[in-house]
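There are 2 protein chains.
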Amino acid sequence: MIKNEATRGRPREFDVDAALETATQVFWRKGYEATTMSELVEAVGINRASLYAAFGDKEALFLAVLERYGKEYSQRPMAALTEIADPREAIETFLVRTAEHLADERLPRGCLFANSILESGGGSERISRNVANGVAGLEDAIYQVIQRGQREGHLGLDADCRALARFYVGVAQGMALIAKISADSSSIFDIARTSMAAWPTRAARGQGQPTLVGQSL
Amino acid sequence: MIKNEATRGRPREFDVDAALETATQVFWRKGYEATTMSELVEAVGINRASLYAAFGDKEALFLAVLERYGKEYSQRPMAALTEIADPREAIETFLVRTAEHLADERLPRGCLFANSILESGGGSERISRNVANGVAGLEDAIYQVIQRGQREGHLGLDADCRALARFYVGVAQGMALIAKISADSSSIFDIARTSMAAWPTRAARGQGQPTLVGQSL
DNA sequence: ACATTTATGGAACGCATTGTCAACAAATAA
DNA sequence: TTATTTGTTGACAATGCGTTCCATAAATGT
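Heads up: the protein sequence lines correspond to chains A and L, in order.
If you use the working numbering, the first sequence corresponds to residues 1 to 217, in order.
If you use the working numbering, the second sequence corresponds to residues 218 to 434, in order.
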């Protein structure tokens with residue numbers, strides 16, 4: 001976390017959060033490796049040493065950017081998973097909001113998390129772990145929704161909740177990747193819409209009658 | 218293309234294709250930006266100048282690597298789309314082979330094409346176009362299979378072939394992304410298997426495509 | 001044999017990049 | 001005021017990067 005207040009000494013002349021937002025845009029557009037500190041310095045509009053003093057080195061700055069991105073940009077899609085009672089509708093809304101996020105022309109292309117995943121391997125270990133944790137958190141949130149839906153009878157007991165959760169995470173990531181290369185945003189909406197056809201209805205084709213034994217994972 | 222034969226002069230002491238394969242591994246593991254020429258020189262085991270003489274600069278080498286990767290590694294999954302008559306089985310096999318490719322522990326993590334998508338924006342324009350063309354080619358190949366299946370009556374006439382093709386491309390990309398971060402390869406097989414549940418049967422359950430708030434095409 | 005062509009090895013160049021330093025400025029606490 | 005703490009500034013060091021050059025080695029054609 002970046003400290004934002006000091007009781008003694010000269011106060012900061014720039015807004016930390018605004019600087020972080022600007023840095024986010026640059027990293028998002030160009031990627032971690034390809035972004036230079038000089039670019040960041042110029043974009044943020046402060047001195048080089050001030051940037052280092054406030055955030056540490058490039059890796060620390062990027063980690064702060066990732067954290068802020070998670071709170072600022074992925075909140076709206078993720079919220080659908082807890083706001084909406086019906087599990088199918090919750091996930092559909094999550095996907096649509098994700099697509100809207102990816103299609104927003106005011107923002108850089110793709111998803112910063114997904115972009116960072118592709119870079120993992122060449123980059124630092126901490127960055128990879130950070131992003132991997134974010135994705136794992138998403139899978140878990142989706143899994144909770146689906147499992148609750150199964151308990152409440154919206155899904156058949158034969159549905160594989162873990163596989164479904166993994167599938168919708170994969171769909172979201174696929175959309176993010178396509179959004180990076182496709183100028184036409186209709187692709188990602190096609191993907192979101194089509195993926196909902198994989199949703200298991202309770203009366204799945206001819207499986208045995210549900211047992212009362214709680215199973216899963 | 219790289220010339221491999223010369224009638225006059227001293228013959229090359231290394232195998233061009235083997236060098237390209239080694240370079241592929243390095244780029245694949247570390248990414249284009251993060252890979253240095255020194256690493257490539259060391260990995261290939263030849264001299265710096267020889268590498269430049271044979272392939273040109275870093276970008277040209279990477280383009281050669283991309284071309285070779287397309288032929289060497291994506292051929293087997295793609296071949297399923299033309300080999301197998303039944304459209305559903307063709308796409309399912311394509312996905313499974315893709316998953317097998319991604320799960321192969323002898324190979325670097327992820328898919329080189331998918332990994333390279335990130336470089337679009339930070340990297341060169343030619344690389345972006347190259348990768349985008351590859352993805353567009355995949356979408357088209359899948360589209361052909363689905364459309365043929367529709368003509369031959371395997372799919373209902375109400376199926377949206379374009380959306381389906383985009384969906385399965387997105388699934389493949391999502392799998393490639395998950396393969397980068399998940400140590401457990403069961404995730405990608407879950408994704409491949411679950412995505413086939415979105416396949417439209419001829420006697421689709423009455424309602425046709427699910428409704429989705431907001432936009433489409 | 002000689003001239004020509006190409007590959008090799010190692011050093012070197014020019015430049016970009018990350019990160020740091022010491023001096024100066026501006027605030028608070030006493 | 002004075003001391004202290006902290007932010008700002010511009011320049012600078014240190015390193016690593018992609019790329020090229022040059023002398024040498026090894027093949028072919030005449």
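For glycine and all other residues, C-beta sits at the position ideal for the given N, C-alpha and C.
Contacts between I181 (chain A) and chain L, judged by CB atoms closer than 8 Å, involve I334, S337, S345, V348, A349, V352 in chain order. Distance from T35 (chain A) to F27 (chain A) at the Cβ level is roughly 5 Å; contact confirmed, criterion being Cβ atoms closer than 8 Å. Taking 8 Å as the upper bound on Cβ-Cβ separation, chain A lies near residues D377, R379, A380, L381, R383, F384, V386, G387, V388, A389, Q390, G391, M392, A393, L394, I395 of the region 366-396 of chain L. Against G45 (chain A), chain L offers no close residue; the least beta-carbon distance is about 22 Å (beta-carbon pairs closer than 9 Å). For S187 (chain A), at least one C-beta of chain L is nearer than 8 Å to its own C-beta. Rounded to whole angstroms, E289 (chain L) and T239 (chain L) show a C-alpha spacing of 13 Å.
Around S195 (chain A), the beta-carbon contacts reaching into chain L at under 7 Å are F384, A415.
Contact with chain L is found for D190 (chain A), since one of that chain's Cβ atoms lies less than 8 Å from the residue's Cβ. Below the 7 Å Cβ cutoff, chain A contributes G121, G122 as neighbours of K247 (chain L), in chain order. Within its own chain, the residues whose Cβ lies closer than 8 Å to the Cβ of S182 (chain A), once the five positions on either side in sequence are excluded, are I188, listed in chain order.
Approximately 6 Å separates the beta-carbon atoms of P200 (chain A) and G156 (chain A); this is inside 8 Å, confirming the contact. For the region 14-39 of chain A, the residues whose beta carbon sits under 8 Å from a beta carbon of chain L are, in order, R29, K30, G31, E33, A34, T35. Only residues of its own chain outside the window of five on either side were considered, and among them L95, F167, Y168, V171 have a CB closer than 8 Å to the CB of S195 (chain A), listed in chain order.
Close to chain A, meaning a Cβ-Cβ distance shorter than 7 Å, are the following residues of the region 311-331 of chain L: R326, A331. Three or more beta-carbon pairs separated by less than 8 Å are not found between the region 46-54 of chain A and the region 128-147 of chain A, which leaves the two stretches without contact. DSSP places L372 (chain L) in the coil class of the three-state scheme, outside both helix and strand.
Boundaries of the alpha helix (DSSP H) around T310 (chain L): 304-320. Collapsing the DSSP output to three states places C111 (chain A) in coil. Sixteen is the threshold: since fewer than 16 other Cβ atoms of the shown chains lie within 10 Å of the Cβ of D104 (chain A), the residue is exposed. By the Cβ test, the region 300-307 of chain L is not in contact with the region 273-282 of chain L, since fewer than three Cβ pairs between them sit closer than 8 Å. Looking at the backbone, the Cα of G45 (chain A) and that of P77 (chain A) are separated by about 31 Å.
Judged by their CB atoms, A80 (chain A) and L177 (chain A) are not nearer to each other than the 8 Å cut-off. Counting only residues of its own chain and dropping the five nearest sequence neighbours on each side, V41 (chain A) has a CB closer than 8 Å to the CB of N47, R48, L51. In the three-state DSSP reduction, Y168 (chain A) falls in the helix class (H, G or I). In this structure, E33 (chain A) sits near E119 (chain A), with a CB-CB distance shorter than 8 Å. For G134 (chain A) against G174 (chain A), the beta-carbon gap comes to about 17 Å, at or over 8 Å, which does not count as contact. The C-beta distance from I91 (chain A) to I142 (chain A) rounds to 7 Å, short enough to fall under 8 Å. Take the alpha-carbon of D407 (chain L) and the one of T98 (chain A): they are about 21 Å apart. Nearest in C-alpha terms to L107 (chain A), of all of A:S74, A:G121, A:D158, is A:S74. Cβ neighbours of S116 (chain A) within its own chain (closer than 6 Å, five residues either side excluded): V131. For Y249 (chain L), no alpha helix (DSSP H) run applies, since DSSP gives it neither H nor E. Non-local C-beta neighbours of G248 (chain L) in its own chain, meaning closer than 7 Å and more than five positions away in sequence, comprise N332, ordered along the chain.
With a beta-carbon spacing of about 7 Å, L329 (chain L) and L283 (chain L) fall inside the 8 Å limit used to define contacts. Judged by DSSP in its simplified three-state form, R10 (chain A) adopts coil rather than helix or strand. DSSP places L335 (chain L) in the coil class of the three-state scheme, outside both helix and strand. When secondary structure is reduced to three states using DSSP, G149 (chain A) falls in the helix class.
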